[in-house]
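Beneath this line is the structure, given in structure tokens, with notes to follow.
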């Protein structure tokens, strides 16, 4: 989980999500003879006046589940 309290523009959250996903594009090499690709799914939730930590986490989890179902590995707004 990554919290970004200073983000006020939705596109900024998407840019951060893209940078996080890009960091995992290179497969890991846990040993010289093993190459382990990693897939990342990012769910984004934006806080509103009535948001609670629980509702934000649930919204981000739903968005991430949609991304996983679509197998895009990018991000989806909730």
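Residue numbers (our numbering): 2 to 79.
Cβ atoms here follow ideal geometry from the backbone N, Cα and C, with glycine treated the same way.
Beta-carbon gap between residue i and residue j smaller than 8 Å
| i | j | result |
| --- | --- | --- |
| residue 43 | residue 68 | yes |
| residue 25 | residue 39 | yes |
| residue 64 | residue 45 | yes |
| residue 3 | residue 21 | yes |
From the options, residue whose alpha carbon lies closest to that of residue i
| i | options | result |
| --- | --- | --- |
| residue 28 | 41, 19 and 17 | 41 |
Three-way DSSP call (helix, strand, coil) for residue i in this model
| i | result |
| --- | --- |
| residue 40 | coil |
| residue 28 | coil |
| residue 35 | strand |
| residue 15 | helix |
| residue 56 | helix |
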